[in-house]
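Enquirer: Residue numbers (this note's numbering): 14 to 780.
For every residue, glycine included, the Cβ atom is placed at its ideal position computed from N, Cα and C.
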DNA sequence: GATCTGGTCGTTTTT
DNA sequence: CGACCAGATC
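1) Measure the alpha-carbon distance for residue 765 versus residue 589 and round it to whole angstroms.
2) I need the DSSP call for residue 642, collapsed to helix, strand or coil.
3) Helix, strand or coil: which one does DSSP assign to residue 764?
4) For residue 79, count neighbouring C-beta atoms within 10 Å of its own C-beta (all shown protein chains included) and say buried if the count is 16 or more, exposed if not.
5) So residue 391 and residue 604 are in contact, right, with Cβ under 8 Å, and what is the actual spacing, rounded?
6) Rank 634, 757, 625 and 25 by C-alpha distance to the C-alpha of residue 319 and give the top, closest one.
7) Within 10 Å of its beta-carbon, does residue 618 have 16 or more other beta-carbons around it, so buried, or fewer, so exposed?
8) Rounded to the nearest angstrom, how far is the Cβ of residue 211 from that of residue 241, given a contact under 8 Å?
9) Around the Cβ of residue 410, are there at least 16 other Cβ atoms within 10 angstroms (buried) or fewer (exposed)?
10) Using only alpha-carbon positions, find the residue among 379, 273, 414 and 512 that is nearest to residue 433.
11) Should residue 43 and residue 286 be called a contact, given that it needs their Cβ atoms to be closer than 8 Å?
12) Since residue 115 is in the alpha helix (DSSP H), which residue starts that stretch and which ends it?
13) Compare the Cα-Cα distances from residue 378 to each of 357, 675, 769 and 366 and report the closest residue.
14) Among 152, 114 and 385, whose alpha-carbon lies nearest the alpha-carbon of residue 182?
15) Under the three-state reduction of DSSP, which class applies to residue 154: helix, strand or coil?
16) For the alpha helix (DSSP H) that contains residue 570, what are its first and last residues?
17) CB-CB under 8 Å to residue 509, same chain, minus the five flanking residues each way: which ones, in chain order?
18) Restricting to Cα atoms, I'd like to know which of 115, 213, 53 and 300 is closest to residue 92.
19) Roughly how many whole angstroms lie between the Cα atoms of residue 257 and residue 350?
20) Taking the straight line between their C-alpha atoms, what separation do you get for residue 340 and residue 332?
21) Going by the DSSP bridge assignment, what does residue 733 pair with across the sheet?
22) Let me check understanding here. Comparing Cα to Cα, which of 123, 111 and 188 lies closest to residue 139?
23) Helix or strand or just coil, what does DSSP make of residue 611?
24) Beta strand (DSSP E) containing residue 100: first to last residue?
25) Quick one: Cα of residue 81 to Cα of residue 103, how far?
26) Could you tell me whether the Cβ atoms of residue 514 and residue 551 are closer together than 8 Å?
27) How about residue 449 and residue 461: do their beta carbons lie closer than 8 Å?
28) Going straight from the alpha carbon of residue 655 to that of residue 396, what length do you get?
29) DSSP puts residue 62 in a beta bridge; with which residues?
30) Considering just the uninterrupted stretch of the alpha helix (DSSP H) at residue 254, what are its terminal residues?
31) Could you tell me how far apart the beta carbons of residue 302 and residue 601 are, in whole angstroms, since I believe they sit closer than 8 Å?
32) Looking only at its chain, what residues have a beta carbon closer than 7 Å to the beta carbon of residue 34, apart from the 5 residues adjacent to it on each side?
33) Tell me which same chain residues have a C-beta within less than 6 Å of the C-beta of residue 587, skipping the five on either side of it?
34) Any idea which residues DSSP pairs residue 360 with across the strands?
The following block contains the structure:
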């Protein structure tokens, strides 16, 4: 028991206090958006330790991202000091990797197994499809990957699927064969894909009772965040870990009483909100949370409804939207922060116009004391970043795209990581294949085939075949190239035990000449690649410094499992751009949700899926509830996709928000004759965009195809300039250096803008 | 074996 | 419109 005046309880409301102190064996915390869930979870962990109900090492907490795990650890440490040392706080995937590396010999894998990301997976499946000639059947890598993933999430493995194959469906037969080959290849390469990490852990716990007993005995308190987004395999994992240990499996060194009576099941706390379930497409099963009380009889349920994040206007709008999902438990978030500002709505003519609105609003937020890092822009699909980025660059809005084309997916990064993987795990066929001729050393497809054939016929790994390259009887040049590569790999492997990941990486970059080759290139893209390589080395150096005892394998694990949200950098002065999915669990003072249009949000693809519309609505709800003070909803009347301009209609979700909560803004009209858009579908037509304010010339944001370079243009505060789109204005200030010089201009009609001078379509006007 | 080019295809969402 | 791939050419 905690004393009533414990600092762990200070400032909590009654429900939160119950959630922190409950001693129930199973506890479900239904935590509405912004209800202080993270705080409750960290205090609950701290309370378990402070009240001596648990040692830190007996705690396993599962979070959705590595970043959330890191923050939770810090907060527990802030409450208790470094007793938090032995706790496991991590994502499902990281926890599984940790178990699997420790127990590798129980399932025939090396501790240094490779984790294949979706790119690796795709490449492998593609090769297998081609080998089988199954491409003509309409089997695409993505469809095969999706089907495999779906089955794995349901804990169906290749053997289990064998009896379910539709023999009269050639498609299914081919799929089965590809899947079987895929798993065989992964085993041969000592590799696991993302889904395998969970599945294999479940299988391990089920197959080896001694191992299961060991973890059940260790983890006495298990806490799972974002429980509404767990899939069946993750659910099964939790179930396995929360089973009691029978007396005969209690280890020798355990206390007498445990050996006599066995060890009871661990306590389980799950936190979730079915209104925020947005991952059904990757197997998340909302039933896991809905049926928690049935699965864990006697469970205590705590409902957190008070919101500490947003103003009441934002909550009213969000509540109104989500209430249109039937089949949900009624829940109404409330706040004591007052109504706050109205939500701002905007209808643009194009995505460029919409982007201009976002940029303008960001600028005016900055004037009222916001920092860039307080602001986020959300969208449904990654493709929507283009228009935003284009404009942000031109108008010098510092931004960062979270997720998107991930750093670790870039060609040069994948290449170098493949070296590291091949060094750590010589069996990794995919990695060895990738580096065979990267950088170019004259080992082409023919040589590769010969090498693979040699490996397969003699039953050795591709790495081992490389060491026997002279037996292939190829030309001296190719043979020499293979011998050189082999020597490099052998030398690096010999150093794995003593050298850090950063040292090995640097050695690879130097010895392969990878950087030198890029430096000699005249392609400007290659310059960026060199920078990426240096950044990778910096990441590795930082990792090695922060984790003294960790080596190459640990580094590779870390980079394999980074989540999009992990990239978030809240110290930096940048606006964050991300998908609505990535936004889950985050909060910002000011939020922009863009592209609130039919076909986009809800996305057209969701229309055909059962429950698709409801999930899109939850997605919109998640986005809205990220905002603390300012919420902006914007759309474009037309949107160019595939180079074709399509008209778009306002999202039906806008209809669901009470009119008085939104203050609609209006873009300048390019053509007064043009009918104004009405963000309303049927029912009462909402009196949306009102009459235009003053004449506003800021609509068009045409991409300038003329190569412009104003680097030499000298500008000073007070100068008058003319801009192709915005007309004339006065320069208020010039900041920045060289190509990054920025002019702050007050335009006579278009208002205040920031412009990247180098590329701005401006000329000086004589006063 | 490397590079170029024309054609195809595609956009949900992610660990 | 642009990324990516397969086949043709040097």
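Expert: Looking at the coordinates:
1) 22 Å
2) strand
3) strand
4) buried
5) 7 Å
6) Nearest to residue 319 by C-alpha distance, out of 634, 757, 625 and 25, is 25.
7) exposed
8) Actually they are not in contact, since the Cβ atoms of residue 211 and residue 241 sit about 17 Å apart, beyond 8 Å.
9) buried
10) 512
11) yes
12) 105-115
13) If we check each option's Cα against that of residue 378, 357 comes out closest.
14) 152
15) helix
16) 565-573
17) 436, 437, 517, 564 and 565
18) The option with the nearest alpha carbon to residue 92 is 53.
19) Those two C-alpha atoms are separated by around 46 Å.
20) 15 Å
21) In the DSSP output, where bridge partners are listed per residue, residue 733 has 743 and 778.
22) The shortest Cα separation from residue 139 among 123, 111 and 188 belongs to 188.
23) If DSSP states are grouped into helix, strand and coil, residue 611 belongs with coil.
24) Per DSSP, residue 100 belongs to no beta strand (DSSP E) and is neither H nor E.
25) 8 Å
26) Taking 8 Å as the cut-off, the Cβ atoms of residue 514 and residue 551 do not count as close.
27) yes
28) 11 Å
29) Answer by DSSP bridge pairing: none, since residue 62 is not bridged.
30) Start and end: 245-254.
31) No, residue 302 and residue 601 are not in contact; Cβ-Cβ is about 26 Å, not under 8 Å.
32) 15 and 60
33) 385, 411, 412 and 413
34) Bridge partners of residue 360 according to DSSP: 648 and 679.
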